[in-house]
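Numbering (the numbering used here), first residue to last: 151 to 266.
What follows is a set of notes on a single structure, which appears directly below.
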Ligand code: FAD
């Protein structure tokens, strides 16, 4: 294992970013204020203008036109994020993720205790 730290490639950037986005969704409030709902919707929109992979960002901006973020509560936002990630997975030929498992993956750990 090398100790040299290098700029991120598209895959590393993607993994780090999904870690952040799904974890942020997992901790989004169950009962967000109108302000929080508006702010999170703005965050996603602005994120799509600056995500530092132009290819990825332009796909994302296109998808947001037809699938705007559902920021009405924690559950809905986590599901929206999961479906958005699955759309990218499909496009890249990766396996789809079972969106009923987002809380185990990103919040509570797996039911078999493997994350405890
Ligand atoms: P990742 O896709 O990075 O996933 C990380 C982990 O998230 C997985 O191991 C799994 O445990 C979990 N996971 C997987 N799917 C879901 C889901 N649906 N919901 C919840 N958790 C899930 N790359 C390109 O080449 N072209 C693109 O156009 C492109 N667009 C992107 C757009 C965005 C907004 C982001 C954040 C990334 C994009 N990427 C794109 C990068 C790509 O999605 C992957 O991050 C990268 O290919 C590395 O993939 P990976 O197999 O390590 O797992």
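Don't be surprised by glycine CBs; every beta carbon is placed ideally from N, CA and C.
Note that the structure is predicted; figures quoted are calculated from it, not measured.
- Set against 7 Å, the gap from the CB of residue 225 to the closest heavy atom of the ligand FAD is not smaller.
- Here the alpha carbons of residue 223 and residue 217 stand approximately 16 Å from one another.
- At the C-beta level, residue 213 and residue 237 come within 8 Å of one another.
- Only residues of its own chain outside the window of five on either side were considered, and among them 182, 187, 190, 191 and 227 have a CB closer than 7 Å to the CB of residue 221, listed in chain order.
- Taking C-beta atoms as the reference points, residue 176 and residue 256 count as a pair closer than 8 Å.
- Following the DSSP letters along the chain, one finds residue 162 inside the alpha helix (DSSP H) bounded by residues 160–176.
- Distances from the CB of residue 265 to the heavy atoms of the ligand FAD are all 7 Å or more.
- The alpha carbon of residue 231 has as its nearest neighbour, out of 200, 158 and 167, the alpha carbon of 167.
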